[in-house]
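Asker: First the structure, then my questions, so here it is.
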Amino acid sequence: MQEQDEVEEAVSFTDWDLAYHARDAPLSVKLHSKVCKKKKSKKKMEDCNQKYSCRTAKETLEWINAILNFIKPYAFLTNAHVTNFFTHNLWQSIDPVWLHCLRNEPVRNLLLIPCGIIQEHWPASLKEFVLDLKSLAFPREQAHLNKLFPGLNLVSLNTVLAQGMNFKKKHEVEVLSAVVSSVANSVGAQTIVDVGAGQGYLAQVLSFQYQHSVVAIDACSHHGTVTEKRAERIKKHYAAQMRKHYPGIGTLNVPKTITCRVMSIDMLKALTSMSPHIDNVKRPELIGQVADDKTSLVLAGLHACGDLSVTMLKTFLECKDVKAVVSIGCCYNLLSEGCLDIAGSQCGFPVSCGVKSAGISLGKNSRDLACQSAERWRSLEQDAGLHNFELHAFRAAFQMVLCKYYPEIITSSPSIGRQGKALRRQQQRRILQSSNNCEESKHSSMPETISHMQELYLNPHMSKSKTDDYSGSALHSHELSCNGDTRYNETAAASKYLLFKKFAQSGLSRLGLKSLQETHFHEIWKEAERFAELIGPYWSLRAALGPLLETLLLLDRLLFLQEQGSSLESIMLPIFDPALSPRNVAIIAKRI
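Position one of the sequence shown corresponds to residue -19 (our numbering), numbered consecutively onward.
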């Protein structure tokens, strides 16, 4: 798909970094020049044109300190939780001028705030806040990989290798496998270890398409079984092709699998050392075996969860057989944190001496916030964004129910699952029926009744889901606006209450609690409804801090590697399309 450089020379990570920053600089200057034209002060002009870099440990630490200084005054946002919006009157912490402006802003403009997009009529202080966030966050535009990795062989996966992958996964595996293969070739690695391999998609592409020796490590035995069975099916296909076109030539590499929960650096080091010399195993029975001196490995991780990404970096430093590492992290909410004064601490944040010396502690709410994706916000349609805000309002109002009628349950930090996905799906199934009803109402003198609206929105079949899917579209804005009658304003309010009641009833059921009387639900919603429109502005401003917090977590990892001195090279690079894969930043390091 992309051009291949005929010259296979090894390029230093410093060259990669310079190339990436040179590519990005014109965009940055162009972006900030518009803002700077409106600044009267020369100092502000200089600040506006400032470009942060992470080419060296010194520059990375300067960037980190700039982020820390910026977020300190906004701890009330980063440490808050939207479930407490009504119980703690969180909107009162926002500048009233900002809130007055944003409460009347179209949903579309609110969804663009995390991307750093401002509106001319906003207060100057609000525009400065959003633009400063943008300038401090690591840029996410996908790098031109074929220019940064000479000889990169980025090709589209065939239908056999891509079987079972959705579009997002296919994109990630296509790109990462090409990058990992390029890095492995540059260091002469014999084996690639896929850490947190899941169902083995990356491992199998590296084996069958790029012909590397690969070991897939995952904690789930089911994933290991799936990987092996899938690999055998792929092997049969490729073996048949080889017999047909290249009879008697070569053998196929098939990924080996290890099922083991990696709990420590020592465990990963042991698994890494033995990995080139074992067959598929269900548990690390061979821990303690040591590879010979000629072993050369690369660690790779596609969205290795929580501390696992950090463990990979530490293993790279401590295990001489590992010549390079390519790590893309995720699930920052699952990072362990703290342990600032404990030598040899295995905590996932902070890991660099520079950040540890700052004594910074983010907390779970801030780490949750770091998972927010500006690109995902940007990609939402207006109705889907509105629905997202409404779901947050329902959950915050449900917290009022718990606080008032079940105070004993609050201390246990109750979780009721993410019900929004099921609600969205149910409403999507009804959107067509609603459209048809609107068309019929144009030719009928019979008004649509509240009982019909109740029929439209009641009885959602709530189900647990692992992740929020923000791609669902519009709920009921279309239904409520088709006739333009004031009756529909009343119907809309009634429908929102009915949705909240079902949401709350389902939440209570999940917690094993008895439901409330109708009047109690109505009282809660009546109290919350007055401020529900403020959740959108509040949540948008808070989400805008997410990319900055993720930048801090990633720069901490990069600085950790840079602090090791000149014995290795490291780079932080956005390798995926951020609209497809929000966690798109790879940390790549190799020994020199």
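Positions of the beta carbon are idealized from the N, C-alpha and C atoms, including for glycine.
Hey, Ala117 and Glu530: beta-carbon distance below 9 angstroms or not?
Answerer: yes
Asker: Would you report the Cα separation of Arg571 and Arg35, rounded to the nearest angstrom?
Answerer: 16 angstroms
Asker: Roughly how many angstroms separate the alpha carbons of Thr391 and Gln379, rounded to a whole number?
Answerer: 12 angstroms
Asker: Enumerate in chain order the residues of its own chain whose CB-to-CB distance from Lys446 is below 6 angstroms, with the five nearest sequence positions on each side excluded.
Answerer: Because Lys446 sits at a pLDDT of 34, beneath the cut-off of 50, its placement in the model cannot be relied upon, and the following sentence gives the value as read from the coordinates. No residues qualify anywhere along the chain.
Asker: Beta-carbon within less than 8 angstroms of Gly464's beta-carbon, same chain only, minus the 5 sequence neighbours each way: which residues are those?
Answerer: Only weak support exists for where Gly464 lies, its pLDDT of 47 falling under 50; the value from the coordinates is given anyway. Contacts found: none.
Asker: Just mark Phe56 as buried or exposed, buried being the case when its beta carbon has 16 or more other beta carbons within 10 Å.
Answerer: exposed
Asker: Any chance the region 539 to 557 sits against the region 92 to 100, with 3 or more Cβ pairs inside 8 angstroms?
Answerer: no
Asker: Quick check: what's the CA-CA separation for Leu342 versus Met292?
Answerer: 22 angstroms
Asker: Rounded to a whole number of angstroms, what is the C-alpha to C-alpha distance between Ala110 and Lys236?
Answerer: Just to set this straight, residue 110 is Val in the shown sequence, not Ala. For Val110 and Lys236, the distance between alpha carbons rounds to 48 angstroms.
Asker: Between the C-alpha atoms of Ile555 and Asn564, what's the straight-line distance to the nearest angstrom?
Answerer: 6 angstroms
Asker: Around the Cβ of Asn69, are there at least 16 other Cβ atoms within 10 angstroms (buried) or fewer (exposed)?
Answerer: exposed
Asker: Would you be able to state if there are at least three C-beta pairs under 8 angstroms between the region 330 to 350 and the region 311 to 318?
Answerer: yes
Asker: On the DSSP bridge list, what partners appear for Glu370?
Answerer: Answer is none; Glu370 lacks a bridge partner.
Asker: Can you have a look at Ala123 and say buried or exposed, based on whether 16 or more other CB atoms are within 10 angstroms of its CB?
Answerer: buried
Asker: How long is the line joining the alpha carbons of Ile238 and Leu248, rounded to whole angstroms?
Answerer: 11 angstroms
Asker: Within its chain, find whatever has a CB closer than 7 angstroms to the CB of Leu533; leave out the 5 residues flanking it on each side and keep chain order.
Answerer: Tyr312, Phe329, Ala350
Asker: Please report how far the alpha carbon of Asp582 lies from the alpha carbon of Leu488, in whole angstroms.
Answerer: Nothing can be reported for residue 582: it is not among the residues displayed for the chain, which extend from -19 to 572.
Asker: CB-CB under 7 angstroms to Ile214, same chain, minus the five flanking residues each way: which ones, in chain order?
Answerer: Val140, Leu141, Gln184, Phe188
Asker: Please list the terminal residues of the continuous beta strand (DSSP E) segment that includes Ile615.
Answerer: Here the chain has residues from -19 to 572 only, and residue 615 is not among them.
Asker: Per DSSP, which residues does Thr171 bridge with? Please list them.
Answerer: Ser193, Leu277
Asker: Would you call the region 155 to 171 in contact with the region 186 to 200, where contact means no fewer than 3 C-beta pairs closer than 8 angstroms?
Answerer: Counting C-beta pairs closer than 8 angstroms gives three or more between the region 155 to 171 and the region 186 to 200, which meets the contact rule.
Asker: I think Pro562 touches Arg356, with their Cβ atoms under 8 angstroms apart; what is that distance to the nearest whole Å?
Answerer: Confirmed, Cβ separation roughly 6 angstroms.
Asker: So does the region 365 to 379 actually touch the region 476 to 490, counting three or more Cβ pairs closer than 8 angstroms?
Answerer: yes
Asker: Quick one: measure Cβ to Cβ for Lys150 and Leu137, integer angstroms, because I've assumed they're closer than 8 angstroms.
Answerer: 6 angstroms
Asker: How many Å lie between Gln72 and Glu513 at the Cα?
Answerer: Cα to Cα, the separation comes out at about 14 angstroms.
Asker: With 16 other CB atoms within 10 Å as the buried threshold, where does Leu553 fall?
Answerer: Result: buried.
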